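**Q** Note that the numbering used here has the sequence shown beginning at 38, numbered continuously upward. Every residue, glycine too, gets a C-beta built ideally from N, C-alpha and C. Bear in mind that the values here come from a model prediction, so they are computed numbers and not experimental data.
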Amino acid sequence: MHHTTRVICPVCSADHFTLKYQATYEYSYRIDGNAPGLNNTNELLPYMYDQREQKDAKQSIECKTCGTSYPCYFDKWTEGITPKMIQEAIASAYKSQQ
Ligand SMILES: [Zn+2]
38 MHHTTRVICP VCSADHFTLK YQATYEYSYR IDGNAPGLNN TNELLPYMYD
88 QREQKDAKQS IECKTCGTSY PCYFDKWTEG ITPKMIQEAI ASAYKSQQ
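(1) Cβ of I98 within 8 Å of Cβ of A60?
(2) Shorter than 7 Å, the distance from the beta carbon of A130 to the closest heavy atom of ligand 1, or not?
(3) Given a threshold of 16 other Cβ atoms within 10 Å of its Cβ, counted over all protein chains shown, does M38 qualify as buried or as exposed?
(4) Are Y62 and Q91 closer than 8 Å when you measure CB to CB?
(5) Taking DSSP as the reference, what is the three-state secondary structure of S133?
(6) Name the DSSP bridge partner or partners of T57?
(7) For C49, collect the residues of the same chain with a Cβ closer than 7 Å to its Cβ; drop the 5 residues on either side in sequence, then sort them by chain order.
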């Protein structure tokens, strides 16, 4: 029985990938007397927001050799994700691009 331990690019057969995770967040600051945001006093600090909302998230696995990008979605990136699952995500993205 064959066990897959490496993830192979269907385009060029290379096995080096980068996972890209692009997310869009909207930060809200309540305007108060001294500066925007209840947590800011002198300047607008990007991490001192009052509310953060995720607007969009995009993931893709990109082959470092040929540059092909395979859209994917993993809601948890943990040790539980096996090379086989990554290979299947790549295979289905590759098929839908054909
Ligand atoms: Zn490739």
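**A** According to the data block:
(1) No, they are not a contact pair.
(2) It does not: the Cβ of A130 is nowhere closer than 7 Å to a heavy atom of ligand 1.
(3) The predicted model places M38 with a pLDDT of 46, which falls under 50 and marks its position as unreliable; any figure quoted below should be read in that light. Burial state of M38 is exposed, judged by a 10 Å Cβ sphere holding fewer than 16 other Cβ atoms.
(4) Yes, the Cβ-Cβ distance between Y62 and Q91 is below 8 Å.
(5) DSSP places S133 in the helix class (H, G or I) of the three-state scheme.
(6) Residue identity check: residue 57 is Lys in the sequence provided, not Thr. Beta-bridge partners assigned by DSSP to K57: S97.
(7) These residues qualify, in order along the chain: C100, T102 and C103.
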